[in-house]
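Quick note on numbering that gives the first Met the number 0: the sequence shown kicks off at 0 and runs consecutively. Virtual Cβ for every residue (Gly too), placed ideally from N, Cα, C. Below: one structure, written as structure tokens.
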Amino acid sequence: MTQPLPIESIRDVRAHLAEVVERADRDDVPTVITRRGKEVAAVVSIEVLRKYQEWEEREINRIIDERMANPAPGIPIEDIMRETLARGE
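Next up, the structure:
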């Protein structure tokens, strides 16, 4: 079972930004930031961000390769991109 992510309000993050950044960098633990109780952002280590970006690029390329191998007329690239982003795997 995974641990719940730390959640802090924008006000708390402003007051303790150095701690939030240190936790993300040192422990690889993201902090979810809320505004008026709604989750709006997260502080993650640069390593986590780069891994996500690499995954996203691989996933887009995989879908493009899949569609190019079995092309169907009339499928715009915008639909492929939207489908990729919607999967969020």
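SER44 beta carbon less than 8 Å from that of GLU14: Contrary to the premise, residue 14 reads as Ala rather than Glu in this sequence. No, Cβ-Cβ distance for ALA14 and SER44 is not below 8 Å.
Local Cβ density within 10 Å of VAL42, reported as buried at 16 or more and exposed below that: buried
Cut-off 8 Å between Cβ atoms - residues of its own chain near GLU46, not counting five sequence neighbours on either side: ASP27
Through-space distance from GLY73 to LYS37, alpha-carbon basis: 39 Å
Under the three-state DSSP convention, the category ILE45 falls into: helix
Three-state secondary structure (DSSP) of ILE59: helix
Run of the beta strand (DSSP E) containing VAL28, from where it starts to where it stops: Segment: none, VAL28 is in no beta strand (DSSP E) and carries neither H nor E.
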